[in-house]
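Sequence lines, in order, name chains A and B.
Under our numbering, residues 35 to 308 are what the first sequence spells out, in order.
Under our numbering, residues 27 to 487 are what the second sequence spells out, in order.
Backbone N, C-alpha and C define an ideal beta-carbon position, used for all residues, glycine too.
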Amino acid sequence: MKYEELEDRMDQNLVHVRYNVEIEGPAIKPEEDDDVISILPTKEPFKSIALAVLYEDRDASLNNVQKALNDGISPIEIINDGLMKGMDAVNVLYTKGFYFLPDLMLAGDGMMEGVKECEKVLGHKSETKGTAVSFVAEGDPHDIGKNLVVMFLRAGGYEAIDMGRDVPTTEVVKAVKEYKPILLTGTALMTTTMTVFPKVVAALQKEGLEVPAIGCGGGAVRKDFVESFPMSVYGVEAYHAPRLADAIVKDHKTWKDIRKEYTNIVGEFVSEYS
Amino acid sequence: MKRFTKMAYKDPDEMVFGRAKYPTSQRWNTQIGAGYVVPEIKVAPVEGSEESKEQMVSECRNITQSACERAVSIGLPAFMLEQEHIFQQTNNPGWTADCTQAQAEILERYHDEYDIRVSLMATPADIRIEERHPGLRGSDYDNKVMESIEASAANGASCVSIETMGGKSVSDYGIARGDPKAILFGIGVLGSIDMEYMWKRIVDVCKKYDCRPAGDTDCAQANTAMFMAGGLLDKDCSHTLAALTRAIAGARSLVAVECGAIGPLKDCGYENPIIKSISGVPICMEGKNAVCAHSDLMGNLTASVCDVWSNESVYHRQEMGGTTPEVWLQATGYEAALMNTAHQTGQEKTLRDLYTLTDKYRDPQALVLAYDNAHRIGEAIVKYGKNPYLRSRAAALEAGAIINEAVDAKKMYLTRFERDSLDSALKIFEELPTDSEQFIDECLRKYSRKIAEFDPKSYEL
Ligand code: B12
């Protein structure tokens, strides 16, 4: 029988189901989502500033911020009550499945553009919740996961120092000395590069350095391996990174606590072998 | 350099697994694409083996020995072992030499003793780093890659392949932001330029030895899109955009063949069916028996026109059924046996069609790789065969048309996100300049400003 005839005979639903299509709800406007409403500021100019971020409109974001600055609004308020609120709303929509990674990236670009304008007026870097350092293990070129981690940390209000990929362990140690991060994140995708993590820990210990936690993640990395040496926690999803950082900054959690309370901290069930 | 402007296969129905228009023959009496499918096994070295050359050589020896033992104990007529080298092996070509030699020795011993057809594909790592001076060309790392290719060829590899990553800085940016123009530029233009630079040299090295230049894969780019696209419920990259990205990769990975590679093209190049339709070279593919390595949405479909069937990669460790080289070679071995039985009984086209139909409408990424559609994309590519930019653009537009037709026929269903990103990508592609220079100028201006890692000098632009 010919291919086309075979094809026309098939009841696809008994072979595969596109669940993403099946479960799709009605289209909504982002600003009409209940959770977004509770986050978005109601007063101007903050409302427009937040909305421009939500709509991923880089130019509008910039214009709004410049206008507000000219009107004498404090740059700190613009960041905290406008730009960051917009980004919080974007994060909510991503977690709920309405927004996708490109939305996050573009909204993040818009937000950063606005923050830079504010910093020009401030004359210095704006306050962040804390500094994190992110690297990809020495010998490993896989950096997509790390890029996501950096992006989520920044969107979550942290300064994230991006050390790139294939980062020598000595450089990681130097960065810890220089930035005293509240969280160090390492990514490795190969069996033969995840072995770098315990080396980083040993090198830090040798220098008498400590960080509250080293989040170790990436394709090949296994939880049992990560928990076989100190200072480390196993990281599952890139968007967990700011939640781990929050737990450290707000609740003073250490790597020991995070290992035990991971599911609570990230706010979703994570299976043992993820 | 020759460019393809005609199809090797006039009719997609001629394409089938186990048979290629231009089969290749290798040492140890192995032919690829000559009427039978060869199972492939690939195992990642265990943690800690990167510490010293001795440990790595011993690791490679163990993997090879296990695979050979299982192959003869279950009666496989042929198999291919691929070794993907890690950073330390490529950075130390002496390691490559010794590892390859150890593997070749064992394979040869089994070939001599049992007359089993064996093949060793060596895959040095592309360890070049664009953002580190002097970039992709002429760096120490660049030299090490070439030395490792030579060390593989000189020490008994049947063939060499590589996953080159030119253009990745730009395509990564495009994939994360859903920017189709950056994807087209990063893969179709920059990727093609870099492949030409790499593959002319690889082919020259291979000519000196009894070693075939096999092929490349767009793992660094199209697979990045595919992995980000993930499963049906993931939210990182649109599956329609990933499908267009795959079509563009077809135009890019073809460059290896244009430079003299003869196959089998490397397993993780999901774009390979497109290249087979254009060039007639045999291809490795992976799908359901690579679940140990990753998940995809076309586990059967990818087998339909393969010549080598791979497990992609697995940790080296013990499973209940044996060590992983044993277990996973057994999995690919039995699947190849099914395909070979189909050939022997004249049922190969039926099996091919069943493989295809199980996944064709599971996802747009699968749809564009169904062999009839892969052939259509191939035709779009050869129409503009001489120009890497125009043929990549044509591939993307054709893939878009294929998806849209299936949607209209109510066979393919899309989410709003998939629908919207497809519409906007196609609109962008349609409006792009038809002049290559103009496109490149625009992209250089836009992306060298936005992407810190992107270095036009690495592409002589
Ligand atoms: C794309 C890819 C490449 C691209 C990389 C492009 C890039 N910019 O990164 C390229 C082509 C360059 C590449 C090269 C190689 N690759 Co590769 N590659 C992949 C692939 C297909 C996808 C990886 C990926 O990006 N995943 C998506 C990202 C988002 O996932 P992720 O990084 O894991 O991050 C997620 C989580 O882990 C988490 N996360 C990560 N870090 C952290 C940190 C914290 C704190 C937290 C909370 C979370 C977190 O967040 C993300 C999810 O939200 C995988 C296949 C696979 N199954 O993974 C192979 C794979 C990783 N590669 C592999 C290999 C062997 C190689 C090569 C050595 C092959 C070769 N010989 O050429 C070379 C490396 C060469 C070298 N220099 O050494 C093997 C590794 C096997 C092993 N276990 O050792 C894999 C598994 C493929 C396979 N099965 O064979 N590769």
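Proximal chain A residues relative to residue i, where beta-carbon distance stays under 7 Å
| i | result |
| --- | --- |
| B/G74 | T229 |
| B/R419 | Result: empty, since nearest Cβ-Cβ is about 21 Å, beyond 7 Å. |
Residues near residue i in its chain [Cβ-Cβ closer than 7 Å; skip 5 each side]
| i | result |
| --- | --- |
| A/T203 | E172, V230, K233, V234, A237 |
| B/E345 | V353 |
| B/T266 | P390, I429, L440, E444, S447, L448 |
| A/V99 | I83, I112, G148, E151, C152 |
Cβ neighbours of residue i in the same chain (closer than 6 Å, five flanking residues each side left out)
| i | result |
| --- | --- |
| B/L469 | Per the sequence shown, residue 469 of chain B should be read as Cys rather than Leu. Same-chain partners within the cutoff: F211. |
| B/P38 | Y397, D398, H401 |
| A/E193 | T162, T165 |
| A/K257 | Y268 |
| A/M145 | V87, L117, M121 |
| A/E25 | Residue 25 of chain A is absent from the structure shown; chain A starts at 35 and stops at 308. |
| B/A255 | C263, H265, A268 |
Listed by chain order, chain A residues near residue i by CB distance under 8 Å
| i | result |
| --- | --- |
| B/V71 | Just to set this straight, residue 71 of chain B is Pro in the shown sequence, not Val. Correct list: T225, T226. |
Residues that residue i contacts on chain B, provided the C-beta gap is smaller than 8 Å
| i | result |
| --- | --- |
| A/Y128 | K261 |
| A/N181 | D198, A202 |
| A/E58 | T441, R442 |
Contacts that residue i makes with chain B (C-beta to C-beta distance below 7 Å)
| i | result |
| --- | --- |
| A/D200 | I155 |
| A/L40 | D379, L383 |
| A/Y273 | Under the 7 Å cutoff, chain B gives no residues; its nearest Cβ is about 10 Å from A/Y273. |
| A/M44 | L383 |
| A/A61 | R442 |
Classification of residue i by the beta-carbon crowding that lies within 10 angstroms, buried from 16 upward
| i | result |
| --- | --- |
| B/I100 | exposed |
| B/F443 | buried |
| A/S305 | exposed |
| A/Y53 | exposed |
| B/G182 | buried |
| B/H111 | buried |
| B/L364 | exposed |
| A/I71 | exposed |
| B/V334 | buried |
| A/N125 | buried |
| A/H158 | exposed |
| A/K77 | exposed |
| B/T367 | exposed |
| A/M35 | exposed |
| A/A254 | buried |
| B/M7 | Because chain B in this structure spans residues 27 to 487, residue 7 of chain B falls outside the shown range and cannot be described. |
| B/A104 | buried |
beta-carbon residue i near the ligand PLP non-hydrogen atom, thresh 8 Å
| i | result |
| --- | --- |
| A/S262 | Here the bound small molecules are the ligand B12; the ligand PLP is not part of this structure. |
Supposed close pair residue i, residue j - CB separation, criterion 8 Å
| i | j | result |
| --- | --- | --- |
| B/I209 | B/A421 | Not confirmed; about 12 Å, so no contact. |
| A/L117 | A/G164 | Their Cβ separation, rounded to whole angstroms, is 18 Å, which puts A/L117 and A/G164 out of contact at 8 Å. |
| A/V183 | A/M197 | So it is not a contact: roughly 12 Å between Cβ atoms. |
| B/T31 | B/G289 | B/T31 to B/G289, Cβ: 20 Å. No contact. |
| B/T243 | B/D198 | Not confirmed; about 16 Å, so no contact. |
| A/L96 | A/E151 | 7 Å |
| B/G214 | B/K483 | That belief does not hold up - the Cβ atoms of B/G214 and B/K483 are roughly 19 Å apart, past 8 Å. |
Per-residue contacts from residue i into chain A (C-beta, under 9 Å)
| i | result |
| --- | --- |
| B/L258 | V51, R52, Y53, N54, V55 |
Same chain only: Cβ atoms within 8 Å of residue i, ignoring 5 sequence neighbours per side
| i | result |
| --- | --- |
| A/S140 | Note on residue identity: the sequence assigns Leu, not Ser, to residue 140 of chain A. Only E90, R92 meet the Cβ criterion. |
| B/Q114 | E76, M82, W121 |
| A/V155 | L103, P109 |
| B/A319 | E312, N337, E338, S339, V340 |
| B/M33 | S303, I304, H401, G404, E405, V408 |
Residue i: contacting residues in chain B (beta-carbon distance under 9 Å)
| i | result |
| --- | --- |
| A/Y268 | Ordered by position in chain B, no residue passes the 9 Å Cβ test against A/Y268, which lies about 15 Å from the chain. |
| A/Y89 | Those within 9 Å of A/Y89 in chain B number zero; the least Cβ separation is about 15 Å. |
Exercise. Can you list, in chain order, the residues of the region 168–179 of chain A whose Cβ is nearer than 9 Å to any Cβ on chain B?
Worked result: Against chain B - using a Cβ distance shorter than 9 Å - the residues of the region 168–179 of chain A are E172, G173, D174, P175, D177, I178.
Exercise. What residues in the region 276–302 of chain A have a beta carbon less than 9 Å from any beta carbon of chain B?
Worked result: The region 276–302 of chain A vs chain B, Cβ under 9 Å: nothing.
For this session: Give, in chain order, every residue of the region 438–452 of chain B whose Cβ lies closer than 9 Å to some Cβ of chain A.
Result: When CB distances to chain A are screened at a threshold of 9 Å, the residues of the region 438–452 of chain B falling below it are M438, Y439, L440, T441, R442, F443, E444, S447, in chain order.
For this session: Using a Cβ-Cβ cut-off of less than 8 Å, list which residues of the region 171–183 of chain B approach chain A; keep chain order.
Result: Result list empty, no residue passes.
Problem set entry | Interface residues of the region 371–395 of chain B facing chain A [CB-CB below 9 Å] | Closer than 9 Å at the C-beta level to chain A, one finds these residues of the region 371–395 of chain B: K375, T376, R378, D379, L380, T382, L383, T384, D385, K386, Y387, R388, D389.
Problem set entry | Against chain B: residues of the region 136–154 of chain A by CB proximity under 7 Å | Per Cβ criterion, the list reads P136, M139, L140.
Exercise. Of all the residues that make up the region 113–131 of chain B, which are near chain A by a beta-carbon distance shorter than 9 Å?
Worked result: Answer set for the region 113–131 of chain B: F113, Q114, N117.
For this session: Identify each residue in the region 338–351 of chain B for which the Cβ-Cβ distance to at least one residue of chain A is less than 9 Å, and report them in chain order.
Result: Within the region 338–351 of chain B, contact with chain A at the beta-carbon level (separation under 9 Å) is assigned to Y341, H342.
Problem set entry | Cβ-based contacts, 9 Å cut-off: residues of the region 220–251 of chain B near chain A | From the region 220–251 of chain B, only A246, T250 have a Cβ closer than 9 Å to chain A.
Problem set entry | Under 8 Å (Cβ pairs) to chain B, residues found in the region 100–133 of chain A | Of all residues in the region 100–133 of chain A, the ones placed with a Cβ closer than 8 Å to any Cβ belonging to chain B are Y128, G131, Y133, in chain order.
For this session: Determine which residues of the region 230–241 of chain A have a Cβ less than 9 Å from any Cβ of chain B, and write them out in chain order.
Result: The region 230–241 of chain A vs chain B, Cβ under 9 Å: nothing.
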